[in-house]
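Q: This is the structure, below, for whatever I ask next.
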Amino acid sequence: MNKRKKQNDSQYTFASYSLRTKIIIVGVLISVGLLLFHAVTHFSGPARNAFLKITYSPQSGYAFVIQSPGSVKGMKSGAGISGSHSGINPTLYLNKGFPEAIHMINEDPTHSKHNFNVDEFNIHTNDIGYFQSQIVNFTPDKSGTFTYYCKNHPEMKGTVIVT
Ligand SMILES: [Cu+2]
Numbered sequence: 468m469n470k471r472k473k474q475n476d477s478q479y480t481f482a483s484y485s486l487r488t489k490i491i492i493v494g495v496l497i498s499v500g501l502l503l504f505h506a507v508t509h510f511s512g513p514a515r516n517a518f519l520k521i522t523y524s525p526q527s528g529y530a531f532v533i534q535s536p537g538s539v540k541g542m543k544s545g546a547g548i549s550g551s552h553s554g555i556n557p558t559l560y561l562n563k564g565f566p567e568a569i570h571m572i573n574e575d576p577t578h579s580k581h582n583f584n585v586d587e588f589n590i591h592t593n594d595i596g597y598f599q600s601q602i603v604n605f606t607p608d609k610s611g612t613f614t615y616y617c618k619n620h621p622e623m624k625g626t627v628i629v630t
């Protein structure tokens, strides 16, 4: 009796299922596959935004200054930025593997030209003129502590921390 049962069990292969069951199985597999594909392709999330204004004040000289996206609805998931001294030359906190968009606008009242560089990520913008803006898009591919700076003004530099 036991032997016979085992033989019957072994006959439950995919080919032995009814067409309806096969369609259901294939449908479930496709759904699971699509869900996994979605999860994997969206793992890194959409590009996050950091906003930096380039400005000048007699006290601090030329500087990058935080433009908090927190007050703009839907933009709260921006790259982490923090800075002491009124947000001057803030530290950028980025995540390895996450696409980032760093938005810069030159609002320097002296109308000087500025640029933005991070050597380790091969980021080198052209000079950005007064009231021009530029978006730097990149995905940090290594973690560590790096420096961003403007080539034209040595005081314009800050820290990028990628974790
Ligand atoms: Cu500069």
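Using our numbering, read the sequence shown as starting at 468 and increasing by one per residue. Positions of the beta carbon are idealized from the N, C-alpha and C atoms, including for glycine.
1. Between which residues of its own chain and Val499 is the CB-CB distance below 6 Å, once the five residues before and five after are set aside?
2. Quick one: residues in its chain with C-beta nearer than 6 Å to the C-beta of Pro607, no 5 flanking neighbours on either side, listed in chain order?
3. For Asn556, verify whether its CB is less than 8 Å away from any heavy atom of ligand 1.
4. Ile521: beta carbon under 8 Å from a heavy atom of ligand 1?
5. Please report the Cβ distance between Pro557 and Gly611, rounded to the nearest whole angstrom; I am assuming they are in contact, meaning their Cβ atoms lie under 8 Å.
6. Mind checking which residues open and close the beta strand (DSSP E) that includes Ile569?
7. Given this structure, state the Cα-to-Cα distance separating Gln526 from Asp594, to the nearest angstrom.
8. Can you tell me which residues fall inside 6 Å of ligand 1, judged by beta-carbon distance to its nearest heavy atom, and keep chain order?
9. To which residues does DSSP link Tyr523 through a beta bridge?
A: Taking the coordinates as given:
1. By the criterion of a C-beta distance shorter than 6 Å, Val499 is surrounded by no residue of its chain, once the five residues flanking it on both sides are discounted.
2. Around Pro607, the same chain offers Leu561, Lys563 and Val629 as residues with beta carbons nearer than 6 Å, after the five sequence neighbours per side are excluded.
3. For ligand 1, not one heavy atom lies less than 8 Å from the Cβ of Asn556.
4. Yes; taking the cut-off as 8 Å, the Cβ of Ile521 has a heavy atom of ligand 1 nearer than that.
5. Between the beta-carbon of Pro557 and that of Gly611 there is about 18 Å, and that puts the pair past the 8 Å contact cut.
6. In this chain, the beta strand (DSSP E) harbouring Ile569 covers Glu567 to Asn573.
7. The alpha-carbon separation between Gln526 and Asp594 amounts to approximately 23 Å.
8. Counting every residue whose Cβ lies closer than 6 Å to a heavy atom of ligand 1, we get Tyr529, His581, Cys617, Asn619, His620 and Met623.
9. Note: Tyr523 is bridge-paired with Tyr529 in the DSSP secondary-structure output.
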